[in-house]
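Engineer: Chains as they are written, first to last, in this note's numbering: chain A, 1 to 217; chain B, 1001 to 1254.
1) In angstroms with no decimal places, state the Cα-to-Cα distance between residue 1193 of chain B and residue 1135 of chain B.
2) Is the shortest distance between the beta-carbon of residue 1077 of chain B and the beta-carbons of chain A less than 7 Å?
3) Comparing the C-beta of residue 153 of chain A with each C-beta of chain B, is any distance below 7 Å?
4) Determine the burial state of residue 143 of chain A: buried for a count of at least 16 other Cβ atoms within 10 Å of its Cβ, exposed for fewer.
5) Keeping to the same chain, check which residues put their C-beta closer than 6 Å to that of residue 52 of chain A; ignore five residues upstream and five downstream.
6) Can you list, in chain order, the residues of its chain with a C-beta nearer than 7 Å to that of residue 1143 of chain B? Leave out the 5 residues immediately preceding and following it.
7) Using a C-beta to C-beta distance shorter than 7 Å, which residues of chain B count as neighbours of residue 172 of chain A?
8) Which bits of chain A does residue 1168 of chain B rub up against, with CB to CB less than 8 Å?
9) With a cut-off of 7 Å, does the C-beta of residue 4 of chain A fall near any C-beta of chain B?
10) Within 7 Å (strictly less), CB to CB, does residue 1086 of chain B reach chain A?
11) At least one CB of chain A closer than 7 Å to the CB of residue 1176 of chain B: is that the case?
12) Using only alpha-carbon positions, find the residue among A:20, A:171, A:199 that is nearest to residue 64 of chain A.
13) What does a CB cutoff of less than 6 Å around residue 223 of chain A pick up in its chain, not counting 5 residues either side in sequence?
14) Just how far apart, CA to CA, sit residue 1066 of chain B and residue 1117 of chain B?
15) Between the C-alpha atoms of residue 1210 of chain B and residue 1046 of chain B, what's the straight-line distance to the nearest angstrom?
16) By how many angstroms is the C-alpha of residue 211 of chain A removed from the C-alpha of residue 194 of chain A?
17) Starting from the beta carbon of residue 1156 of chain B, find every residue of chain A whose beta carbon is closer than 9 Å, and list them in chain order.
18) Would you give the residue range spanned by the alpha helix (DSSP H) that residue 177 of chain A belongs to?
19) Runs of 4 residues minimum, wholly inside the region 1031-1106 of chain B: which ones carry the alpha helix (DSSP H) assignment?
20) In whole angstroms, give me the CA-to-CA distance for residue 1249 of chain B and residue 1242 of chain B.
21) Just mark residue 1030 of chain B as buried or exposed, buried being the case when its beta carbon has 16 or more other beta carbons within 10 Å.
22) Is there a Cβ of chain B sitting closer than 7 Å to that of residue 168 of chain A, yes or no?
23) At 7 Å on the CB atoms, spell out the chain B contacts of residue 165 of chain A, in chain order.
24) Taking the alpha-carbon positions, what's the residue 1059 of chain B to residue 136 of chain A distance?
25) Taking a contact to mean a Cβ-Cβ separation below 7 Å, would you say residue 1039 of chain B touches residue 1221 of chain B in this structure?
26) To the nearest angstrom, report how far apart residue 1131 of chain B and residue 1159 of chain B are at their CA atoms.
27) Taking only beta-carbon atoms, is residue 1028 of chain B less than 7 Å away from chain A?
28) Check whether chain B comes within 7 Å of residue 161 of chain A, counting only Cβ atoms and requiring the distance to be less than that.
29) From the beta carbon of residue 1044 of chain B, is the nearest beta carbon of chain A less than 7 Å away?
30) When you compare each of B:1089, B:1251, B:1240, B:1236 to residue 1023 of chain B by their alpha carbons, which one comes out closest?
31) State whether the region 68-78 of chain A contacts the region 115-126 of chain A, with contact taken as three or more CB pairs (one from each stretch) at a distance under 8 Å.
32) Taking residue 57 of chain A as the query, report the chain B residues whose CB atoms sit under 8 Å from its CB, ordered along the chain.
33) Within the continuous alpha helix (DSSP H) that includes residue 76 of chain A, where are the two ends?
34) Given a cut-off of 7 Å, decide if residue 197 of chain A and residue 139 of chain A are closer than it, judged by their beta-carbon atoms.
35) Once the 5 residues before and after residue 162 of chain A are set aside, which same chain residues still bring their CB inside 6 Å of it?
36) Would you check if there are 3 or more beta carbon pairs closer than 8 Å linking the region 1165-1183 of chain B to the region 1077-1092 of chain B?
And the structure:
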């Protein structure tokens, strides 16, 4: 367990001390929200109506953009090869990296939602539901992303392929995520989102680890 | 008298040898092509001349004889790919990844044709090319998955490694497709209450079922034929690539 925790701490340190990628992702997330009113007009009631969709698209895009750093840098400097021979099974390594990745790329988005809520004139109720839906749904996005990142880790031109592969698979997350934010939907969507998130989070380390092993052969 | 104790290869592993496959599949192509042509001729004759017009849609109902087989194949081909993916991951069957690679573009084309004929059919009968109906949306997502898998095949240099990695993606997709279909259904009923698709069609009379079945068989035969031809091409092109590489090595040695 300590190795597991050490791996998470290592990834967090790497993320915060070098590159500042987390901040850039948050900036991108907010910028998507800023751009939409320019595209559809500053009509406040309309923005309020579209806000859940806009926030989810922004979150989707920022999560997909951040995917590439999940295994790529570790593969390039060889530490992924070392981790494959560590005391931890590769599945646990992947799980640790997914948790660290979620802390670095998804948690800051949650913190940044008040800015978008203000810009898109959300109500308190809407904002609260946004945070809830993102908190439940982003682990699923990160886990799908882990599969995509693991599959494309050996590719030199893999940067664009992982999002293209993952996006259709993650559509249910989007549907139930927006459903959770929709007041009309009631509890059904939230429960489905939780179920989906749990299943994907539990399943993806195995698929990702299998892909990493195959890629490393 | 000698007793052979060496393990005889069973039919499964004999099937696995790419050279053997090239040998026996050669005799399959022409019979399959002729069967396909006959089935298509029969099916099209039924579809155009020997089936009734629909009392509401008129002649437009004949689009169904192309549309439904394509929809069936769009799912069958993914099933073939999923089985091939299992074959790659579990048995490391040398032909499985060839089959998966050959099937992906075929599946994409059948899915695209299904959407295209659906749009042509929808325009005069529903008054729109596209509706965010559950089944149509699932089909569109399926097309996107096919295209993603094809893009992944093209991105790899090493096709053997690609086969195993793409098998993982194919299986993840296979597990996910029912979830996608379910979620899309749920989403559609949430946003747009059923309006166009409430009427469940009456049970089909045999005069429509017969041409439909013939066309289903014809399209499935077409898939089998194209799949075998594509697998042969893939094996031969891999062999050609190996020979080119060997020739280049020998050229270096001189």
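For glycine and all other residues, C-beta sits at the position ideal for the given N, C-alpha and C.
Structural biologist: From the atom records:
1) For the purposes of this step, residue 1193 of chain B is taken as residue 193 along the second chain, with counting starting at 1. For the purposes of this step, residue 1135 of chain B is taken as residue 135 along the second chain, with counting starting at 1. Reliability fails at residue 1193 of chain B, whose pLDDT of 48 lies under 50, so the model's placement of it is uncertain and the value that follows must be treated cautiously. The alpha-carbon atoms of residue 1193 of chain B and residue 1135 of chain B are separated by roughly 15 Å.
2) Working through the second chain from its first residue, we reach residue 1077 of chain B at position 77. No, no contact with chain A.
3) Translated into positions along the first chain, residue 153 of chain A becomes position 153. Closer than 7 Å: no.
4) Your numbering for residue 143 of chain A matches position 143 in the first chain. That one is buried.
5) In the first chain, the residue the question calls residue 52 of chain A occupies position 52. Correct list, in chain order: 178, 181.
6) Counted from its first residue, the second chain places residue 1143 of chain B at position 143. Excluding residues within five positions, the ones whose Cβ falls inside 7 Å are 1108, 1111, 1112, 1115.
7) For the purposes of this step, residue 172 of chain A is taken as the residue at position 172 of the first chain. What residue 172 of chain A touches in chain B: 1179, 1180, 1183.
8) Taking the second chain and counting its residues from 1, one reaches residue 1168 of chain B at position 168. By Cβ distance, chain A contributes 147, 151, 207, 210, 211, 214.
9) Your numbering for residue 4 of chain A matches position 4 in the first chain. False, the Cβ-Cβ gap to chain B never drops below 7 Å.
10) Position 86 of the second chain holds residue 1086 of chain B. Judged by the 7 Å Cβ criterion, residue 1086 of chain B is not in contact with chain A.
11) For this step, residue 1176 of chain B is matched to residue 176 along the second chain. Taking Cβ atoms only, chain A reaches closer than 7 Å to residue 1176 of chain B, which makes this a yes.
12) The residue labelled residue 64 of chain A in the question sits at position 64 within the first chain. Checked all of A:20, A:171, A:199; the closest Cα to residue 64 of chain A is A:171.
13) Residue 223 of chain A is absent from the model: chain A starts at 1 and stops at 217.
14) As a first step, residue 1066 of chain B must be located in the second chain, where it is residue number 66. As a first step, residue 1117 of chain B must be located in the second chain, where it is residue number 117. If I take the Cα positions, the gap works out to 7 Å.
15) As a first step, residue 1210 of chain B is located in the second chain; it is residue number 210 there, counting from the start. As a first step, residue 1046 of chain B is located in the second chain; it is residue number 46 there, counting from the start. Computed Cα separation, rounded: 8 Å.
16) Your numbering for residue 194 of chain A matches position 194 in the first chain. Your numbering for residue 211 of chain A matches position 211 in the first chain. Their Cα atoms are separated by approximately 26 Å.
17) For the purposes of this step, residue 1156 of chain B is taken as the residue at position 156 of the second chain. Within 9 Å Cβ-Cβ: 154, 155.
18) Residue mapping note: residue 177 of chain A aligns to position 177 of the first chain, counting from 1. Start and end: 171-181.
19) 1064-1086
20) To locate residue 1249 of chain B, count along the second chain from 1; it is residue 249. To locate residue 1242 of chain B, count along the second chain from 1; it is residue 242. So the alpha carbons of these two residues sit roughly 11 Å apart.
21) Taking the first residue of the second chain as 1, we reach residue 1030 of chain B at position 30. Label assigned to residue 1030 of chain B: exposed.
22) Along the first chain, read from residue 1 onward, the residue named residue 168 of chain A stands at position 168. Chain B, which has a Cβ nearer than 7 Å to the Cβ of residue 168 of chain A, makes this yes.
23) Walking along the first chain from the start, residue 165 of chain A turns up at place 165. Ordered by position in chain B, the residues that pass the 7 Å Cβ test against residue 165 of chain A are 1148, 1152, 1169.
24) As a first step, residue 1059 of chain B must be located in the second chain, where it is residue number 59. As a first step, residue 136 of chain A must be located in the first chain, where it is residue number 136. Using only the alpha carbons, I get a separation of about 50 Å.
25) Position 39 of the second chain, counted from the first residue, corresponds to residue 1039 of chain B. Position 221 of the second chain, counted from the first residue, corresponds to residue 1221 of chain B. Yes.
26) As a working note, residue 1131 of chain B is residue 131 in the second chain. As a working note, residue 1159 of chain B is residue 159 in the second chain. Computed Cα separation, rounded: 39 Å.
27) Counting from one through the second chain, the residue named residue 1028 of chain B turns up at place 28. It does not: the Cβ of residue 1028 of chain B has no partner Cβ on chain A nearer than 7 Å.
28) Position 161 of the first chain holds residue 161 of chain A. At least one chain B Cβ lies under 7 Å of residue 161 of chain A.
29) To locate residue 1044 of chain B, count along the second chain from 1; it is residue 44. Not closer than 7 Å to any Cβ of chain A, the Cβ of residue 1044 of chain B fails to qualify, so no.
30) In the second chain, counting from the first residue as 1, residue 1023 of chain B sits at position 23. Comparing Cα-Cα distances from residue 1023 of chain B to each of B:1089, B:1251, B:1240, B:1236, the minimum goes to B:1236.
31) no
32) Your numbering for residue 57 of chain A matches position 57 in the first chain. None at all; the shortest Cβ gap to chain B is about 15 Å.
33) Translated into positions along the first chain, residue 76 of chain A becomes position 76. That run of the alpha helix (DSSP H) goes 72-76.
34) In the first chain, residue 139 of chain A corresponds to position 139, counting from 1. In the first chain, residue 197 of chain A corresponds to position 197, counting from 1. For residue 139 of chain A and residue 197 of chain A, yes; Cβs fall inside 7 Å.
35) For the purposes of this step, residue 162 of chain A is taken as residue 162 along the first chain, with counting starting at 1. Around residue 162 of chain A: 67, 148, 149, 152.
36) yes
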